[in-house]
Amino acid sequence: MTRPALMTRPALMTRPALRTQRGNLGPAALRQAYERYLALAQAAALAGDRIEAERHYQQAEHYLRSLAEDRAA
Numbered sequence: 010m011t012r013p014a015l016m017t018r019p020a021l022m023t024r025p026a027l028r029t030q031r032g033n034l035g036p037a038a039l040r041q042a043y044e045r046y047l048a049l050a051q052a053a054a055l056a057g058d059r060i061e062a063e064r065h066y067q068q069a070e071h072y073l074r075s076l077a078e079d080r081a082a
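Note that my numbering has the sequence shown beginning at 10, numbered continuously upward.
Structure follows, in C-alpha cells:
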C-alpha cells in the first residue's frame, strides 16, 4: 500500500515573513513596491481575474498611502 503524497503548505507560509514595517522602507522602496503591485494588478485584470486584481490594487494603494505619509512627515 502506498502512502498519499504529503500536502505541503504554500510557499508563502513556509518562507520567512517578507513583510517589513513601513518605517523600515525608504521612499524609493515604497515607490518600487507601489509600482510592483500596480503592475501585478493590471496583469491580473488583463487576465480576467478580478479578485486577484483587486487584491493587488489594494496592496498598491497601501504603498501609495505610505509614500504620501512618508512625504508629509
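Glycine included, every Cβ here is placed at the ideal spot set by N, Cα and C. Since this is a predicted model, take the numbers as computed values, not measurements.
Alpha helix (DSSP H) segment containing residue i, residue limits
{"i": "Ala81", "result": "Arg59 to Ala81"}
{"i": "Ala37", "result": "Pro36 to Leu55"}
Buried or exposed by the 16-neighbour rule on C-beta atoms within 10 Å, applied to residue i
{"i": "Ala50", "result": "buried"}
{"i": "Leu76", "result": "buried"}
Contact under 8 Å by Cβ, residue i with residue j
{"i": "His71", "j": "Ala53", "result": "no"}
Assumed close pair residue i, residue j - CB separation to whole angstroms, cut-off 8 Å
{"i": "Leu47", "j": "Ala82", "result": "Not really, about 23 Å apart at Cβ, beyond 8 Å."}
Test: residue i CB closer than 8 Å to a CB of chain D
{"i": "Gln68", "result": "Any reference to chain D falls outside this structure, which holds one protein chain only."}
- Sufficient close CB pairs (3 or more, under 8 Å) joining the stretch 33-44 to the stretch 57-64: In short, these stretches do not touch, since the Cβ pair count stays below three.
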